[in-house]
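In our numbering, the protein residues as written are 12 to 163.
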């Protein structure tokens with residue numbers, strides 16, 4: 012798996028195979044992790060919440076939809092944390108920082124959710140594709156500068 016710089020743009024499902032996810036932060040700089048229930052090869056592993064961009068969606072629309080469907084929350088996306096190429100040819104995972112605007116996260120599709128501090132990021136078994144992004148998250152959370160989100 013190789014890292015690639017994430018750039019802005021409208022990536023629609025027909026022009027690329029993109030999975031979007033979010034590193035949701037709370038007021039204590041903890042990140043929300045979701046435990047997978049399927050497929051069997053990944054069941055029990057942890058990931059950033061998100062999913063695939065559907066036809067006709069741009070990447071941020073997909074990110075917001077996935078958070079509504081999987082977590083029952085409305086989010087505000089912030090800066091891009093990073094992007095990695097996935098094992099399947101042509102697939103990429105792009106992760107944004109985000110914060111919750113309304114709702115309390117719940118695992119709508121089963122599974123488990125957990126808020127992790129920077130010290131706890133290594134306490135769970137992350138999906139292999141997420142590991143470079145977890146490392147980037149750890150480095151960013153250890154920086155003293157606050158994350159800047161767009162104005163609402």
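For every residue, glycine included, the Cβ atom is placed at its ideal position computed from N, Cα and C.
Ranked by Cα distance from residue 137, the first of 36, 52, 109 and 67 is 52.
In the structure shown, the three-state DSSP call for residue 91 is strand. Linking residue 133 to residue 65 through their CA atoms gives a straight-line distance of about 32 Å. Of the residues assessed, residue 54 falls on the exposed side of the cut-off, its CB having fewer than 16 other CB atoms within 10 angstroms.
In the structure shown, residue 129 falls within a helical segment according to DSSP collapsed to helix, strand and coil. Residue environment analysis places residue 153 among the exposed positions, since fewer than 16 neighbouring C-beta atoms fall within 10 angstroms of its C-beta.
The Cβ-Cβ distance between residue 32 and residue 124 does not fall below 8 Å. Using a C-beta cut-off of 8 Å, the stretch 102-120 makes contact with the stretch 74-87, since at least three inter-stretch Cβ pairs fall below that distance. Non-local beta-carbon contacts of residue 40 in its own chain, meaning distances under 8 Å to residues more than five positions away in sequence, involve 128, 129 and 152 in chain order. Spatial neighbours of residue 70 in its own chain (CB-CB distance under 7 Å, excluding positions within 5 residues in sequence) are listed in chain order as 22, 29, 31, 64 and 105. With at least 16 other beta carbons inside 10 angstroms of its own, residue 145 counts as buried. By DSSP's assignment, residue 85 forms a beta bridge with 113. Beta-bridge partners assigned by DSSP to residue 106: 32 and 93. Here the alpha carbons of residue 156 and residue 56 stand approximately 30 Å from one another. Residue 43 carries a strand assignment under DSSP once its states are collapsed to helix, strand and coil.
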